[in-house]
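Undergrad: For the protein sequence lines, the chains are C and S, in the order given.
Letter by letter, the first sequence follows residues 180 to 641 in our numbering.
Letter by letter, the second sequence follows residues 1338 to 1844 in our numbering.
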Amino acid sequence: MSRYTAVTDADLAAMLEEVGVDSVERLFDEIPAAVRLDRPLELPDGLSEAEVYAHLRDLASRNSSAEDELCFLGAGMYDHYVPAVVDMLTSRSEFLTPYTPYQPEISQGGLQVMFEYQTAICELTGLPVSNASVYEGPSALGAAGYLARLANGRPRFVVTRGVHPHARETLRTLSAGYGTTVAEVALRDGVTDLDAWRAAIDDDVSAVFVAQPNFLGAIEDLEPLVEAARAHGALVVCMADPLTLGLLEAPGVLGVDVCVGEGQTLGNRLDFGGPSFGFFAAREEHLRRMPGRIAGETRDVDGRRGFVLTLQTREQHIRREKATSNICTAQALNALAGVVYLAWLGRRGLVELGELLVQRAAYARELLSTVDGISLAHDAPVVREFPIALDVDGVAGVRRVIARCAASGVNPGFALGREYDEYPNGLLVAITEQRSRADIERLAEVLGMAIAAERAELGVAS
Amino acid sequence: VSREETAMQRDRAVTIFEKGAPGRRAFTPPALDVPERPLDELIPRRLRRTTEPLLPEVSEPELVRHYVRISRRNFDLDSGFYPLGSCTMKHNPRLHERVAALAGHARLHPLQDPARAQGALELMWRLERALSEIAGLPHVSLQPSAGSHGELAGVLLTRAYHADRGQRRTKVLTPDTAHGTNPATVTMAGYELVKVATNSDGGVDVEDLRAKADDDVACLMLTNPNTLGLFDPNIEEIAKIVHGAGATLYYDGANLNAVMGISRPGDMGFDIVHFNLHKSFTQPHGGGGPGSGPIAVSDRIEPYLPRPVIVRRPRASGNGSADSYEYDLDEDRPKSIGRLRGFQGNYGCFVRSYAYICSLGAAGLRDASETAVLNANYLLARLRSLGVCDLLPPAYDRICMHEFVLSGAPMKRELGIKTLDLAKRLLDHGFHPPTVYFPLLVDEALLVEPTETETRETLDEFADAIAAILAEAREDPEIARNAPYTTPVRRLDEAQAAKRPVIRQPL
């Protein structure tokens, strides 16, 4: 008996008698001896709750979190403030502990949350159809590729290098299974090179993939990118940051077929990369090709409004090998955090927060560009994130500068050269509403000193 | 049966978008502390949106009350018994929520320099080692986000393994009892599905397998114990046939809760295993996620694992203490199938499941599986003693593992109520029903998984409730046919929802 089980000796005796066997061991007689484990698992002994807490706390203390340092690191996940109401609501047993709502009569809370979430995602993206969530951002892009495969079966995808590197790689991993190839289009001045983009698209292209804002923080001019794809009948998939969609034109209005993205920026904590949620919205014509759960409104036998999982003939548990996706468990609790966060921000708040990010990022960009050894890597418009170029020796130099800043309690950003050979000296800096003007000024000071120290050392070395 | 509306039923569903009023808000923006520049200068007007998204406009008290009220329209595991077969609805220890919320875990950025995320990487490494030991397979990737994602990883690994040997195999085998995710995964990974029949004992029909396992078969996907709740005693023979054909053997870990510390998939001959941390390892299911679906693999599959992988190296100045290792993420994996998602996986789930394994240890995990199997057999025996099994016979009359399947066919024939009616009437008794109409092989199926964390008293109450519903139906089958009566809403028109989909609030 552990603290999570309850079979006393008296229970055991009564239960075995009811079953009609003389020991628990007998219940496993069907398992052939050759495949039985004849020793205990080689794992440490169990611990008390206090001991487990202390161990997990010790492990936590050996991480440097956004609580411990001034964090300007983004590159796909961002240190936005998560309001207390999100923690309070997502930790309620009623939301935390049920399974997927297979019995709608006792799952109206969760189903209504899905319905509200779908409404919010449709509003943000400007598209009429949303599912109830997928795993996270990059695999949402992969799922959009599979929708395109089902829609037209053409042999090639085209993706701009403005799409998050993890999402591009995920698309390649998943499409390797069904045989669609992936071609990449380069960036120019921080945004997708329109000439190269047009040249890459022909009638063999199943879908094209863009990001808004792109990985370098730049706001893409989506209209010509969309137009080039539609001229050849390719589907257009846009990976968008939902928190910027109070400011930026809705992808649906610009003619994209599918809009997906990482939902972490909507009220989900960093959690070293997950769990968060991915969102997936599309034009009406793709409704029956959508992956995952969709909640729909209906009535009960007495005429009361209610919600159910609907269009389930798309799904694996009904359609099996002909399903539009294999997804089963998705990210319902994280999507709840998302819709609570959006309701907390509210209609004006989403715009106001976006504008604050734009102003602070503009200030940071201007200030950093005046620092000795720093130049801007592009000057395209941005919302909260932008790359700078450091006058140091390649990605190794940038990483050393980052380590120097860490010693002063500042995490200045992401070394772009890790993913982009074309930006070996790049540092991607993200400004959230949790970074004040004073924090930004501290970043400029610490980064300036770190670059100077790095250059002095190299100067001495050479 | 009272037809009076309950208070909850009188409280009609109103969405957050139908509440509030223009100008209300829960959010106060931080002050603009930098010199303001005209927005048009920073983002050209033509890239900006002209109509704002119609999000709700509510105060914080309104927001809290709305979601608390609708939360009460959910049934949940903390409130009652949830014997949903194949889903392993075991207790979710609250300690796990506390440790996962520690800032060192919860506010750790996924791209933090590994040198400053040593605690997280060590936790992941330790979890990998524990899962490896439980699976009996040497290598683990924590990256997949859920069971179905782990399955897809497994089939893509199989594809990469064969391709590396210059082989282009086109078919994947699954039993006809498989979870729906298995066949769906096969198609997504670009393979043709071939079904293998089930024998009269509920296991794989070995002769059918032998006939179908040719050199065009890439993989057999299997659950053991299977979806009928039965351990397949022919597993060694099955593994021999599959390996003899040069194919891989894939283990769907949805039913691992029956065999932890008792029998290991690796020892049964499986090459690839996925775990459901949201089933066997207590990650709360959240009403449909998050989950996490790590995979364990054999040596021959290891080169193809998704990247990055966690590596541990002795520190240069090692002194034998725990600090004498350092952990890193290895991206340089030339044969890797690549990433399946962003970053390193659902770390928040890793924290919870690792805490669970620390709490239980080797003996506790074995106790969990033994108790899960004992509880299932006890519940089945109770149902038998109460005469329930005359109308709801077990589909296979053997000792079961952690779950069992009943057939509602005799009940339907003799009492005129279907499995669905029984399930809906159980709602009025305060129980979550078992999984219904799965596995497909069994007519009017009920798949019952009590889990190890339920008391004998709860199992007795559930058995009594089923007996009471059958007795009631013998008197008046209409009661069950029209159930439920006490839930926030009653039976819902699912056909209408699918025919004319309304999937968002009109604004």
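Backbone N, C-alpha and C define an ideal beta-carbon position, used for all residues, glycine too.
Excluding sequence positions up to five away, which residues of its chain have a Cβ less than 7 Å from the Cβ of threonine 492 of chain C?
TA: These residues qualify, in order along the chain: Arg498.
Undergrad: When the cut-off is 8 Å and only beta carbons count, does serine 554 of chain C lie next to chain S?
TA: No, serine 554 of chain C lies away from the interface with chain S (no Cβ there is under 8 Å from its Cβ).
Undergrad: Note down, in chain order, each residue of its chain lying with its Cβ closer than 6 Å to the Cβ of arginine 544 of chain C, except the 5 sequence neighbours on either side.
TA: Cβ within range, chain order: Phe565.
Undergrad: Residues in the same chain with beta-carbon distance under 6 Å from phenylalanine 388 of chain C, minus the five sequence neighbours each way, listed in chain order, please.
TA: Only Val338, Val342 and Val416 meet the Cβ criterion.
Undergrad: Determine the extent of the beta strand (DSSP E) in which phenylalanine 486 of chain C is found, giving its start and end residues.
TA: First-last of the beta strand (DSSP E) with phenylalanine 486 of chain C: 484-488.
Undergrad: With 8 Å set as the bound, which would you pick, yes or no: does the beta-carbon of threonine 1564 of chain S sit closer than that to a beta-carbon of chain C?
TA: With 8 Å as the cut-off, threonine 1564 of chain S does not count as an interface residue toward chain C.
Undergrad: I'd like to check one pair, glycine 1682 of chain S with leucine 1493 of chain S: are the Cβ atoms closer than 8 Å?
TA: Contact flag unset, no.
Undergrad: Do leucine 546 of chain C and glutamate 620 of chain C have their C-beta atoms closer together than 8 Å?
TA: Yes, they are a contact pair.
Undergrad: Using a Cβ cut-off of 8 Å (strictly closer), state whether glutamine 1504 of chain S contacts chain C.
TA: No, no contact with chain C.
Undergrad: Start and end of the alpha helix (DSSP H) containing alanine 1457 of chain S?
TA: Segment 1455-1472, the alpha helix (DSSP H) holding alanine 1457 of chain S.
Undergrad: Measuring straight from C-alpha to C-alpha, what distance separates glycine 1909 of chain S and tyrosine 1587 of chain S?
TA: For residue 1909 of chain S there is no data in the structure shown, the boundaries of chain S being 1338 and 1844.
Undergrad: Taking a cut of 8 Å between CB atoms, which residues from the segment 1364-1381 of chain S lie near chain C?
TA: Answer set for the segment 1364-1381 of chain S: Phe1364, Pro1366, Pro1367, Leu1369, Asp1370, Val1371, Pro1372, Glu1373, Arg1374, Leu1376, Leu1379, Ile1380 and Pro1381.
Undergrad: Which runs of the beta strand (DSSP E) spanning at least 3 residues fall entirely within the segment 1597-1624 of chain S, listed in chain order?
TA: Counting only runs of 3 or more, we get 1609-1611.
Undergrad: Here's the rule: buried if 16 or more other CB atoms are within 10 angstroms of the residue's CB, otherwise exposed. What is arginine 1502 of chain S?
TA: The residue in question, arginine 1502 of chain S, is exposed, as its Cβ has fewer than 16 Cβ neighbours within 10 Å.
Undergrad: Between C:Ala410, C:Ile581 and C:Arg614, which lies nearest to isoleucine 630 of chain C when the distance is taken from Cα to Cα?
TA: It is C:Ile581.
Undergrad: Starting from glycine 457 of chain C, trace the beta strand (DSSP E) both ways and give me its first and last residue.
TA: From DSSP, the beta strand (DSSP E) with glycine 457 of chain C extends over 457-461.
Undergrad: Near alanine 594 of chain C, which residues of its chain fall below 7 Å by C-beta distance, leaving aside the five closest residues on each side in sequence?
TA: The answer, listed in chain order, is Val574, Val577, Arg578, Ile581 and Leu606.
Undergrad: Does the CB of isoleucine 581 of chain C have a neighbour CB from chain S at under 8 Å?
TA: It does; some Cβ of chain S falls within 8 Å.
Undergrad: If you measure beta-carbon to beta-carbon, which residues of the segment 1517-1548 of chain S are closer than 7 Å to chain D?
TA: The structure shown contains no chain D; its protein chains are C and S.
Undergrad: Would you decide whether threonine 1507 of chain S is buried or exposed? Buried here means 16 or more other CB atoms lie within 10 Å of its CB.
TA: Burial call: exposed.
Undergrad: Do arginine 1678 of chain S and glutamate 1663 of chain S come within 8 Å of each other at the CB atom, strictly closer than that value?
TA: Not a contact, by the Cβ cut-off of 8 Å.
Undergrad: Flag valine 1839 of chain S as yes if its beta-carbon sits less than 8 Å from any beta-carbon of chain C, otherwise no.
TA: Cβ-Cβ to chain C under 8 Å: yes for valine 1839 of chain S.
Undergrad: In chain S, which residues lie less than 7 Å from methionine 194 of chain C when you measure between Cβ atoms?
TA: Correct list: Leu1711, Tyr1715 and Arg1793.
Undergrad: Using 8 Å as the threshold, is the segment 1383-1393 of chain S in touch with the segment 415-429 of chain C, meaning 3 or more CB pairs across them?
TA: Contact holds: three or more Cβ-Cβ distances are below 8 Å.
Undergrad: Over the uninterrupted alpha helix (DSSP H) stretch that includes glycine 605 of chain C, give me the two end residues.
TA: Run containing glycine 605 of chain C: none in the alpha helix (DSSP H); it sits in the beta strand (DSSP E), 605-609.
Undergrad: Using only CA atoms, which one of S:Arg1811, S:Tyr1684 and S:Ile1736 lies nearest to glycine 452 of chain C?
TA: Closest option to glycine 452 of chain C, Cα to Cα, is S:Tyr1684.
Undergrad: Can you tell me whether glycine 199 of chain C is buried or exposed, with buried defined as 16 or more other CB within 10 angstroms of its CB?
TA: By the neighbour-count rule (16 or more Cβ atoms within 10 Å), glycine 199 of chain C is not buried but exposed.
Undergrad: Is aspartate 450 of chain C helix, strand or coil by DSSP?
TA: Aspartate 450 of chain C: helix per DSSP, three-state reduction.
Undergrad: Judging by CA-CA distance, which residue of C:Gly356, C:Leu249, C:Arg333 and C:Tyr325 is the nearest neighbour of isoleucine 380 of chain C?
TA: For isoleucine 380 of chain C, the nearest C-alpha among the options comes from C:Arg333.
Undergrad: Output yes if chain C places a C-beta closer than 8 Å to the C-beta of proline 1661 of chain S; else output no.
TA: Sequence inspection shows serine at residue 1661 of chain S; the proline mentioned does not correspond to that position. By this cut-off, serine 1661 of chain S is not an interface position.
Undergrad: Can you tell me whether glutamate 1815 of chain S is buried or exposed? The criterion is at least 16 other CB atoms within 10 Å of its CB, across all chains shown.
TA: Counting Cβ neighbours within 10 Å, glutamate 1815 of chain S comes out exposed, since fewer than 16 surround it.
Undergrad: For phenylalanine 565 of chain C, does the three-state DSSP call read helix, strand or coil?
TA: In this structure, phenylalanine 565 of chain C counts as strand in the three-state DSSP scheme.
Undergrad: Mark valine 1523 of chain S as exposed unless 16 or more other C-beta atoms lie within 10 angstroms of its C-beta, in which case mark it buried.
TA: Buried, since its Cβ has 16 or more Cβ neighbours within 10 Å.
Undergrad: Would a check of beta-carbon distances place serine 1696 of chain S closer than 8 Å to chain C?
TA: Closer than 8 Å: yes.
Undergrad: Using a Cβ cut-off of 7 Å, pull out every chain S residue sitting near tyrosine 314 of chain C, in sequence order please.
TA: Going along chain S in sequence order, the residues near tyrosine 314 of chain C (Cβ under 7 Å) are Ser1482, Ala1483, His1486 and Arg1678.
Undergrad: Which residues of chain S have a Cβ atom closer than 7 Å to the Cβ of tryptophan 376 of chain C, listed in chain order?
TA: Near tryptophan 376 of chain C there are no residues of chain S at all, since even the closest Cβ is about 17 Å away, more than 7 Å.
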